[in-house]
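The structure appears below as structure tokens.
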Amino acid sequence: MFQTLFGDPNKRKIKKYEVIVDEINKLEPTLQSLTDSQLQSKTAKLIDSVHSEKDLDIILPDAFALVREASYRVLGLRHFDVQLLGGIILHEGKIAEMKTGEGKTLVAILAAYLNALSKKGVHVVTVNDYLAKRDAEWVGQVPKFLGLSIGLVQQGISQQERENNYSKDITYITNSELGFDYLRDNMAIEMNDMVQRDFYFCIIDEVDSILIDEARTPLIISGAGDAVDEKYIRANEISKYLDKTTHYEVDEKARNIILTEEGILKCEELLDNKGLYNPEDPWASYIFNAVKAKELFTKDVHYIVKENEVIIVDEFTGRIMVGRRWSDGLHQAIEAKEGATIQNESQTLASITYQNFFLLYPKLSGMTGTAKTEAYELDKIYGLDVICVPTNKKMKRKDFPDLVYKSQYSKWKSIADECLDMHTLGRPVLVGTTSVEKSELLSSLLLEYGIPHNLLNAKPENIKREAEIIAQAGRKGSVTIATNMAGRGTDILLGGNSSYMAKAALSQLTGESTSAKVLIKDDPKLETLSKFLRDQIKLLNLSEEAIQEKISIACEKGFTDDPFIITLRASYQVLEDQYSVLIKKEREEVLTLGGLHVIGTERHESRRVDNQLRGRAGRQGDPGSSRFFLSLEDNLFRIFGGDRIASMMDTLRIEESVPIESSFLNKSLESAQKKVEAYYYDARKQLFEYDEVLNYQRQAIYSERRRILASRNLRNWILQYAETTIRDYVTQYFNTIEQDKSSEPSQRKKLLQKVEDLLGLPYTLDMSSISNLSAKEMTTFLCQHMRIAYDLKESQIELIENGLMRDLERSFLLQKIDSAWKEHLQNMNGLRETIGWRGYGQKDPLIEYKNEAYSLFTSMSVNVRHSVIYLIFRAQPILKN
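With full-length UniProt numbering applied, the sequence shown corresponds to residues 1 to 881, in that order.
Here it is, written out as structure tokens:
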């Protein structure tokens, strides 16, 4: 109704931006007439404009027009008007929803370049190392051509390399590396150990994947905890004797298990009548995790086992997450289940949720193909507005209604039949599966049908060929099976991708084979070229890694004076030209046949992931189609009432091989997906609200640490700690005697004893000296003695080595803050797990959590102060002979 009265708000915003796009377009003819050096000199002028306090919005048209012209000269790609719209949206700190194939990677450099002119550093965040490297090397050439520096942070690089890359104008990095570097910086012992500078502006690619999907799992840095507990193995054995429904119930919606009364008795019987909830010897958490591992975590779906190690598979991207582990003993339970090596339990040293981490940026923006369904959450949690950017060309994709079968067998057979039909016709097919197991099931079916195909899933051997497989998924008659298509980052071009084919051919020409095995075979010119290149490699003594790096540079258009790279580039250009001719013809054939056909094998819990898969077809006005094949045995149907539809099919006597196609079913599925999305939103919101409490404390601790690291002399810091501690003692003294006047002499003696013990005074304080003093006077008197004691201690320690007192102050402060924070995180985790029970007492668990958390933090702060003062004043230096 509001849209009818006031119009579409999205269109109104786009109309406002179109005025700016017109300004950018007017500048294009002038910039086209400039030489490269004249174009490059404009960056310095724009930087001067920013430093003279000129608003970035004022120079936006000039900066964007400059980037567009540079992009055309360096990459051969000119930004469409809709890409300029996307760049403006990113610069304004909003989310640009742009369909697959609209060139989001190119859009990011517009906003990144403009904001990098401030010289405060821009972070472009992607979902994996491959995409970060690709973007830095490919589109990163544009700002580099214009005189800005480009950084790339990858897993495994050294600390010095990290610091160097973070200091660049634009840094490409993954979300996890960025988050973990932040946590590591806040555990640093020296200022020089920190690699990041202050946050300024962040652009997130696949923003919904990172801010929504990843937000359920906090980033945690762990240290060694308790030794491996044999209880995991014993609990795994017990779980095998427990029956579903009899001994426990499985709540698949909440991904949890509940032991029945019979289950508890059975467990205690198997444990030789040990109490399941005995606080001195607890078994409950081990049993729960063992049953969860048995019922809710499936091999090759949620994890894979490689070289006796359990590795998590990201359920949204299908990629393996090396180094990531489930917390609270769940990972160990799965290791016990699979007979893998059970690693030590870990203790949390530092943690942060993605929500609170990305909110540290003063300016945040993002882009994705699917964000509108989560617009409410993105606005409420992050304050990010989602704006849909229109496509450059009209969308021609046909989305056919879902086909629903009674059984899994009928569904998979129909999918294989559809693949065969399309392959025979010559249309390229992309099949999206939800797990490694299902992708391999379909692969074996297609092998039986004799259909050649490519398989892309979480298995390491397939991931290496990810970009190559996806790049060629648009070839005539090709069939590609991919596990979850979220954020693959490579366009599926109809007819194939000539640049990838040329690069693959070049890799083979420089290898041991004598010809490229991609498309061109038995070509004498190529064989001569291959021999020449391999001779050069031997002469230069290049490793395989160095060759691939030089090939990557050769396939770009940036400046190089390396003779071997220049030779490679010329070879690459020849290959690309030949492939382009072949691909052009093949593209026309595929277009005539109807373009890419996308097959979904199961509806995902989130509508966004379904839309991401569909979006692979119909890019840039190409024709295409999509269809989902479902069965009543699929998880979504099974959990959300598929039995009603099954009984209806039985009543109507519908055969197993005959599918149902109805709008009622589609609406039911969409309703189920909305319920799941709402459930996960509540879970993320709750995680955010609880972590927000900890976040204030985290910021206080991290700020304190940074001030300590930045300070050269911590004497005043320690004196302030000591004064606060004495003030605490005096306040406690007066509070006590106010309640009981008769206790004044004993309390006064106790106060002096506490001060003497704390400060390690070499003399005894006279009780009469503090008689009849007010709280303020008593504090001043005791602080004077504290300063005398500190001066004596400092003189004593400085005799050993000049500056040693300053080192001790820093060491004790950091040591006590870190150990107290680590213990505090454990306490907060325990509080978080148990606070929910307060709800049964008609109390709001969140308010109770806030109150308890405040008390714990106050107590921790007091303990840190007392401990540091005690250590400093009690330090006993040893003179070396």
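Glycine included, every Cβ here is placed at the ideal spot set by N, Cα and C. These figures come from a predicted structure and were not determined experimentally.
Neighbour-count burial assignment, residue i, 16 or more Cβ in a 10 Å radius
{"i": "glycine 487", "result": "A caution first: glycine 487 carries a pLDDT of 44, below 50, which makes its placement in the model unreliable, though a value can still be read off. So glycine 487 ends up on the buried side."}
{"i": "lysine 15", "result": "exposed"}
{"i": "glutamate 468", "result": "buried"}
{"i": "valine 862", "result": "exposed"}
{"i": "isoleucine 566", "result": "exposed"}
{"i": "asparagine 541", "result": "exposed"}
{"i": "tyrosine 500", "result": "buried"}
{"i": "isoleucine 797", "result": "buried"}
{"i": "tryptophan 837", "result": "exposed"}
{"i": "isoleucine 258", "result": "exposed"}
{"i": "histidine 51", "result": "exposed"}
{"i": "lysine 584", "result": "exposed"}
{"i": "arginine 134", "result": "buried"}
{"i": "arginine 698", "result": "buried"}
{"i": "valine 19", "result": "exposed"}
{"i": "arginine 712", "result": "exposed"}
Bridge partner(s) assigned by DSSP for residue i
{"i": "histidine 597", "result": "Val429, Ser625"}
{"i": "phenylalanine 201", "result": "Val122, Lys363"}
{"i": "methionine 321", "result": "Ile312"}
{"i": "threonine 174", "result": "Thr126"}
{"i": "isoleucine 800", "result": "In the DSSP output, where bridge partners are listed per residue, isoleucine 800 has none listed."}
{"i": "lysine 45", "result": "Lysine 45 pairs with nothing; no bridge assigned."}
{"i": "glutamate 97", "result": "Thr368, Cys388"}
{"i": "alanine 482", "result": "Gly432, Leu456"}
{"i": "glycine 151", "result": "Thr171"}
{"i": "isoleucine 352", "result": "Leu219"}
{"i": "arginine 397", "result": "Gly624"}
{"i": "asparagine 256", "result": "Asp251"}
{"i": "serine 631", "result": "Tyr405"}
{"i": "tyrosine 303", "result": "Lys299, Ile312"}
{"i": "isoleucine 660", "result": "Val404"}
{"i": "lysine 413", "result": "Lysine 413 pairs with nothing; no bridge assigned."}
Cβ-Cβ distance between residue i and residue j below 8 Å
{"i": "leucine 687", "j": "arginine 216", "result": "yes"}
{"i": "histidine 91", "j": "leucine 114", "result": "yes"}
{"i": "alanine 132", "j": "isoleucine 89", "result": "no"}
{"i": "serine 498", "j": "tyrosine 572", "result": "no"}
{"i": "tyrosine 286", "j": "tyrosine 232", "result": "yes"}
{"i": "valine 122", "j": "alanine 112", "result": "yes"}
{"i": "alanine 350", "j": "methionine 191", "result": "no"}
{"i": "glycine 101", "j": "aspartate 491", "result": "yes"}
{"i": "valine 581", "j": "valine 82", "result": "no"}
{"i": "asparagine 236", "j": "alanine 284", "result": "no"}
{"i": "phenylalanine 873", "j": "leucine 759", "result": "yes"}
{"i": "serine 435", "j": "valine 301", "result": "yes"}
{"i": "leucine 403", "j": "proline 659", "result": "yes"}
{"i": "valine 125", "j": "asparagine 175", "result": "yes"}
{"i": "isoleucine 599", "j": "phenylalanine 629", "result": "yes"}
{"i": "methionine 828", "j": "leucine 694", "result": "yes"}
{"i": "serine 239", "j": "lysine 294", "result": "yes"}
C-alpha gap between residue i and residue j, whole angstroms
{"i": "isoleucine 737", "j": "serine 743", "result": "6 Å"}
{"i": "asparagine 128", "j": "glycine 621", "result": "28 Å"}
{"i": "glutamine 508", "j": "arginine 534", "result": "10 Å"}
{"i": "isoleucine 553", "j": "arginine 684", "result": "42 Å"}
{"i": "arginine 806", "j": "arginine 715", "result": "7 Å"}
{"i": "serine 513", "j": "isoleucine 537", "result": "Reliability of the predicted coordinates at serine 513 is poor, the pLDDT of 45 falling under 50, and no value is obtained from them."}
{"i": "asparagine 356", "j": "glutamate 97", "result": "23 Å"}
{"i": "lysine 119", "j": "aspartate 169", "result": "6 Å"}
{"i": "tyrosine 17", "j": "alanine 63", "result": "15 Å"}
{"i": "isoleucine 520", "j": "asparagine 308", "result": "Below a pLDDT of 50, predicted positions are generally treated as unreliable, and isoleucine 520, at 43, falls in that range; the measurement from the model is reported next regardless. Looking at the two C-alpha atoms, the distance is approximately 42 Å."}
{"i": "arginine 865", "j": "serine 859", "result": "10 Å"}
{"i": "isoleucine 718", "j": "aspartate 791", "result": "12 Å"}
{"i": "lysine 54", "j": "proline 61", "result": "14 Å"}
{"i": "lysine 45", "j": "alanine 65", "result": "14 Å"}
Quiz item: Counting Cβ pairs closer than 8 Å, one from the region 761–772 and one from the region 809–820, do we hit at least three?
Solution: Here the region 761–772 makes no contact with the region 809–820; the two share fewer than three CB pairs at distances below 8 Å.
Quiz prompt | Segment contact flag, the region 780–793 with the region 722–739, C-beta cutoff 8 Å, min 3 pairs | solution = yes
Exercise. Evaluate the contact criterion for the region 437–448 versus the region 411–420: three or more CB pairs, one atom per stretch, below 8 Å.
Key: Taking 8 Å as the limit for Cβ pairs, the verdict is that the region 411–420 does touch the region 437–448.
Practice problem: Inspect the CB distances between the region 846–862 and the region 791–803 and report whether three or more fall short of 8 Å. | Solution: Cβ pair count under 8 Å is below three, so no.
Quiz prompt | Cβ pair count under 8 Å reaching 3, the region 378–392 against the region 600–611 | solution = These segments do not touch.
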